[in-house]
Structures are given as structure tokens and as C-alpha cells.
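Using my numbering, the first residue of the sequence shown is number 1, and each one after it goes up by one. Glycine residues also receive a C-beta, built at the ideal position from the N, C-alpha and C atoms. Below: one structure, written as C-alpha cells.
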Amino acid sequence: MFKKSQFLQIGLLSVALMTPLLAKPQVALLATGGTIAGAGHARTSSQYTAAVVPVTQLIADVPEISAIAEIHGDQVCQLASQAMTPEMWLKIGKQTQAQLDKEAIVGAVITHGTDTMEETAYFLDLTLQTTKPVVLVGSMRPGTALGADGAANLYQAVKTAISDNSANRGVMVLMNDTIFAAREVTKGHPFKPSAFESPNTGPVGDFHDNAPFYLSRVDRKVESPFDIRKLSALPGVAIIYGYAGSSAAQVRAAVQEGARGIVMAGVGNGNLNPDTEKALIAARQDGVVVVRSSRLGSGSVTKEAEVDDAKHGFVVGGSLNPQKARVLLMLALTQTVDLDRIQGYFDTL
Ligand code: GLU
């Protein structure tokens with residue numbers, strides 16, 4: 001017959017064995033601000049202040065996320081994302097990497113303002129070293145608004161981050177029941193909850209029936225050569241917008257300000273008016289790396305179509321929109337000024 005102390009030992013042993021089975025997955029929640037942390041004065045007003053609700057409150061306001069995961073909240077910064085900076089990308093990236101390096105953390109969710117979310121997402125996509133899910137999430141309406149979208153988006157992002165089939169998909173953005181790949185996503189509307197889109201590829205998945213449902217995958221041809229742990233600063237890269245009669249003064253100003261690279265958001269197929277083209281050729285002579293992209297918002301810029309890229313030493317930005325081409329050029333310039341190597345990054349990343 002068992003003694004009382006043996007029953008106690010067996011009881012403790014079963015609790016110890018069961019605990020890992022009952023334990024919730026651990027998720028890092030890195031908060032950076034935005035409308036998802038915004039608050040307004042009236043439920044019907046479109047006026048509000050972004051980036052005022054702290055991460056502890058975000059977690060408390062959506063108890064459903066703590067019901068499915070053990071949430072480790074971290075307030076990285078508290079910004080409306082029009083105030084985001086490359087220095088802050090580095091901070092967000094390093095803190096996210098540190099969390100992902102912990103064995104117990106299964107994935108990361110990053111709350112972010114929507115205006116520049118696509119840039120932070122692509123930066124992280126190119127620099128984080130992980131196979132774990134990383135999901136950026138925001139909202140188009142503050143939590144105080146009628147029809148606020150932040151709570152549902154946050155819940156769906158956490159659920160996506162803990163789902164087994166979310167690993168190895170690169171950094172993703174979740175908005176409005178839809179999952180996007182960082183490389184392809186862009187904000188396409190100023191206020192609708194359906195503001196996000198991937199014009200060239202469509203989304204990679206939907207969130208429905210309480211789970212992420214993947215439809216496709218955006219593959220890169222090579223592994224990214226950039227590592228957040230090795231980055232300490234990013235070079236200045238300007239974006240110049242093309243339009244009928246655009247002046248070369250903007251290009252000259254960027255060079256004078258010390259830009260090491262210029263992304264040209266050209267017209268049509270990345271085309272340049274003659275004055276701008278001359279100024280860009282002069283910038284090349286000063287060692288500035290020039291990437292030709294397009295202001296169109298979709299499609300891919302063609303090499304050597306109407307511009308003699310080889311002669312002028314211009315890199316062609318392919319299907320990246322100008323703001324994403326800038327992210328890649330900044331990272332490329334941390335490694336090289338060799339034009340063939342940089343063109344190779346644009347062709348494969
Ligand atoms: N402009 C603010 C930002 O990007 C609010 C927009 C939003 O988050 O939806 O942070």
C-alpha cells in the first residue's frame with residue numbers, strides 16, 4: 001500500500017509533468033505607438049492623439065490575448081509612426097532579436113503606427129535572424145472610436161504569432177483580417193480599416209475562423225545578408241519625387257546634405273526628366289548611389305527601357321516601391337558601393 005508521503009510525491013510529479021502541457025506559448029509584444037495606442041475625445045470624432053496608451057494597458061484592454069498566450073510586453077518607444085526614424089528601426093530590431101533569441105519565446109508581435117509600418121516591417125524582414133513568426137500590427141481607428149479595429153487586429157496578430165504554420169514566412173503585417181508579407185505590403189488609403197494592400201502579389205493569407213489561413217508565400221531568391229546584431233548605424237538615403245517640370249534642385253540639395261544614396265521615384269517606368277537626369281548623373285560622379293524606382297505604386301521598373309542605366313551607373317529598383325527601395329539601399333550601403341552587388345540585392349531580396 002502507498003504511504004501518504006508517496007501519494008504526495010506522485011501528485012507533485014504529475015503536476016510537474018503536466019505543467020509544460022498546460023503552459024501557454026510565450027509571445028513578445030513590442031509596442032512602438034501608433035493609432036493602436038491612440039485615444040480620442042469622442043466615439044464619433046476622427047480627431048485623436050496617436051501613441052498615448054502604454055503596452056500594459058494594451059494588454060489589459062484585450063484579455064483574450066492573455067487567455068491564449070503568456071504576453072511579455074515591452075514599450076520600445078511611443079511614437080506616431082510619421083516620427084519613426086532609422087535609429088529607431090535599429091532599436092526595435094535589436095530588442096525584437098533579443099526576445100526571439102530566448103528559447104521560450106515562440107514569436108513576436110510589434111504594434112506600430114500604420115503610416116510607416118511597411119518600412120519598419122521590410123527593415124525587420126531583411127535584418128532579423130529568426131524562423132519564428134514576427135507580426136506587425138496596427139489599427140486605423142483609435143480604441144475610443146466606434147468600430148475600433150485595434151483589439152481584433154491585436155488578438156489576430158497574437159494568434160498568428162503562436163500558430164505552428166506561421167514560422168518561416170518572414171516578417172508579416174496583419175490588418176483587417178488579412179496577412180501581408182513585409183516586402184509587398186503598402187498602406188494605400190488614409191483612413192479605411194482596409195487601408196493595407198499588396199498591389200503586386202496580393203496578401204499571403206487571411207485570418208478567419210479564429211486562425212491564420214495562408215494562401216501563398218512571397219519567396220526571396222537568396223537569404224538576406226543583413227544581420228540586425230551587426231548593424232549600428234544606417235547611411236542617409238533620400239527619396240526624390242518625379243513630376244512634370246520637376247526641378248533638379250532637390251537632387252542637388254540631397255547631395256549637399258550628404259546623402260550617400262538617392263532613390264528616384266520616377267514617373268512611369270522610373271523615368272526622369274532631362275534636368276533631373278543630369279543632376280543624378282552628377283550625383284553619381286560624387287559617388288552617390290542612384291536607384292531608379294517609380295511613383296506608380298505597382299509593377300516593376302524595367303532596366304534600360306528608356307534610361308541608359310548601364311551608361312549612367314543607375315541601379316534599378318525592380319518591384320520595390322520607393323520607400324522600400326530606400327530601406328534596401330540603406331542596408332546595401334552598409335556593406336558595399338559596388339553597383340553590381342547592389343543591383344544583385346535588388347534583383348534577389
Ligand atoms: N499617423 C499615425 C501613425 O502612423 C497614426 C496612423 C495610424 O497608426 O493608423 O502612427
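Practice problem: Would you check whether ligand 1 has a heavy atom nearer than 6 Å to the C-beta of Ala145? | Solution: By 1-based counting over the sequence shown, the position of residue 145 is 145. Flag unset: Cβ of Ala145 not near ligand 1.
Quiz item: Is the stretch 81 to 98 touching the stretch 55 to 73, taking contact as three or more C-beta pairs under 8 Å?
Solution: no
Quiz item: Taking the alpha-carbon positions, what's the Met330 to Ala233 distance?
Solution: The residue you call residue 330 lines up with position 330 of the sequence shown. The residue you call residue 233 lines up with position 233 of the sequence shown. Taking the straight line from one Cα to the other gives about 10 Å.
Exercise. Taking only the alpha-carbon atoms, compute the straight-line gap between Leu124 and Thr114 and give it to the nearest angstrom.
Key: As a working mapping, residue 124 is identified with position 124 in the sequence shown. As a working mapping, residue 114 is identified with position 114 in the sequence shown. Rounded to the nearest angstrom, the two C-alpha atoms are 15 Å apart.
Quiz item: Would the beta-carbon of Leu154 fall within 7 Å of that of Pro235?
Solution: For the purposes of this step, residue 154 is identified with residue 154 of the sequence shown, where counting begins at 1. For the purposes of this step, residue 235 is identified with residue 235 of the sequence shown, where counting begins at 1. No; because the gap between Cβ atoms is not below 7 Å, this pair is not in contact.
Quiz item: Are the CB atoms of Val327 and Glu197 nearer to each other than 7 Å?
Solution: Mapped onto the sequence shown, residue 327 falls at position 327. Mapped onto the sequence shown, residue 197 falls at position 197. Not in contact: Val327 and Glu197 (Cβ atoms no closer than 7 Å).
Quiz prompt | Contact under 7 Å by Cβ, Tyr214 with Pro142 | solution = Indexing the sequence shown from 1 puts residue 214 at position 214. Indexing the sequence shown from 1 puts residue 142 at position 142. No, the pair does not count as a contact, with Cβ atoms beyond the cut-off.
Self-check item: C-alpha distance - Thr111 paired with Gly317, whole-angstrom precision
Solution: Translated into positions along the sequence shown, residue 111 becomes position 111. Translated into positions along the sequence shown, residue 317 becomes position 317. Looking at the two C-alpha atoms, the distance is approximately 28 Å.
Quiz item: Is Pro212 near Ser163, with beta carbons less than 7 Å apart?
Solution: The sequence position of residue 212 within the sequence shown is 212, counting from 1. The sequence position of residue 163 within the sequence shown is 163, counting from 1. Contact: yes.
Self-check item: Per-residue DSSP class, three states only, for Val109
Solution: Along the sequence shown, read from residue 1 onward, the residue named residue 109 stands at position 109. Looking at Val109 - three-state DSSP - the assignment turns out to be strand.
Self-check item: Backbone secondary structure at Ala121 - three-state DSSP
Solution: Counted from its first residue, the sequence shown places residue 121 at position 121. Correct three-state label for Ala121: helix.
Quiz item: So Ile239 is in the beta strand (DSSP E); what residue range does that whole segment cover?
Solution: On the sequence shown, residue 239 is found 239 positions in, with the first residue counted as 1. Looking at the DSSP string, the run of the beta strand (DSSP E) that includes Ile239 is Val237 to Tyr241.
Self-check item: Thr363: CB within 6 Å of a non-hydrogen atom of ligand 1
Solution: The structure shown has nothing for residue 363, since the chain only spans 1 to 349.
Self-check item: Gly299: CB within 6 Å of a non-hydrogen atom of ligand 1
Solution: Within the sequence shown, the letter at position 299 stands for residue 299. Gly299 Cβ: outside cutoff for every heavy atom of ligand 1.
Quiz prompt | Contact belief for Ile228 with Ala265 at Cβ below 8 Å, rounded distance in angstroms | solution = Start at 1 with the first residue of the sequence shown, and residue 228 comes out as number 228. Start at 1 with the first residue of the sequence shown, and residue 265 comes out as number 265. Not a contact, Cβ separation roughly 27 Å.
Quiz item: Of all the options Arg284, Gly268, Ser298 and Leu339, which has the alpha carbon lying nearest to the alpha carbon of Ala305?
Solution: In the sequence shown, counting from the first residue as 1, residue 305 sits at position 305. Selected option, being the one with the closest Cα: Gly268.
Quiz item: Can you give the Cα-Cα distance for Asn176 and Val204, rounded to whole angstroms?
Solution: Reading the sequence shown from its first residue, position 176 is the one you call residue 176. Reading the sequence shown from its first residue, position 204 is the one you call residue 204. Cα to Cα, the separation comes out at about 13 Å.
Exercise. Using alpha carbons as the reference points, say which of His72, Thr160 and Leu79 lies closest to Gly33.
Key: What you label residue 33 is simply residue 33 of the sequence shown in a count that begins at 1. With distances taken between Cα atoms, Gly33 lies closest to Leu79.
Quiz item: Mind checking whether the beta-carbon of Asp115 lies closer than 6 Å to any heavy atom of ligand 1?
Solution: Stepping through the sequence shown from its first residue, residue 115 is reached at position 115. Asp115: yes, Cβ under 6 Å from ligand 1.
Quiz item: Span of the alpha helix (DSSP H) holding His312?
Solution: Within the sequence shown, numbered from 1, the residue matching residue 312 stands at position 312. That run of the alpha helix (DSSP H) goes Asp309 to His312.
Exercise. Examine ligand 1 and report whether any of its heavy atoms sits within less than 6 Å of the Cβ of Thr35.
Key: The residue given as residue 35 occupies position 35 in the sequence shown. Yes; taking the cut-off as 6 Å, the Cβ of Thr35 has a heavy atom of ligand 1 nearer than that.
Self-check item: Buried or exposed (CB count within 10 angstroms, at least 16 for buried), Phe277
Solution: In the sequence shown, residue 277 corresponds to position 277, counting from 1. Note that residue 277 is Glu in the sequence shown here, rather than Phe. With 16 or more Cβ atoms within 10 Å of its Cβ, Glu277 is classed as buried.
Quiz prompt | Candidates Gln26, Asp347, Thr35 and Ala23: closest to Pro190 by CA position | solution = The count along the sequence shown starts at 1 and reaches residue 190 at position 190. Out of Gln26, Asp347, Thr35 and Ala23, Thr35 has the C-alpha closest to the C-alpha of Pro190.
Quiz item: From this set, Tyr243, Val301, Val106 and Ala23, which residue's C-alpha is nearest Pro274's C-alpha?
Solution: Translated into the one-based positions of the sequence shown, residue 274 becomes position 274. The candidate whose alpha carbon is nearest that of Pro274 is Tyr243.
Quiz item: Is it the case that the CB of Ala157 approaches a heavy atom of ligand 1 more closely than 6 Å?
Solution: As a working note, residue 157 is residue 157 in the sequence shown. Outside the cutoff, so no.
Exercise. With DSSP as the reference, label Val267 as helix, strand or coil.
Key: To locate residue 267, count along the sequence shown from 1; it is residue 267. Looking at Val267 - three-state DSSP - the assignment turns out to be strand.
Exercise. Rounded to whole angstroms, what's the CA-CA distance from Met1 to Ala167? Just pull it up for me.
Key: Residue numbering aside, residue 1 sits at position 1 when the sequence shown is read from its first letter. Residue numbering aside, residue 167 sits at position 167 when the sequence shown is read from its first letter. Residue confidence is low: Met1 scores 47 on pLDDT, short of 50, so the model does not pin down where it sits. No coordinate-derived value is stated.
Quiz item: Under the criterion of a Cβ to heavy atom distance below 6 Å, does Ser81 qualify as lining ligand 1?
Solution: Numbered from its first residue, the sequence shown carries residue 81 at position 81. Yes, since a heavy atom of ligand 1 falls inside the 6 Å radius drawn around the Cβ of Ser81.
Quiz item: Straight-line CA distance for Arg292 to Ala279?
Solution: Taking the sequence shown and counting its residues from 1, the one referred to as residue 292 is at position 292. Taking the sequence shown and counting its residues from 1, the one referred to as residue 279 is at position 279. Approximately 13 Å, taken between the alpha carbons.
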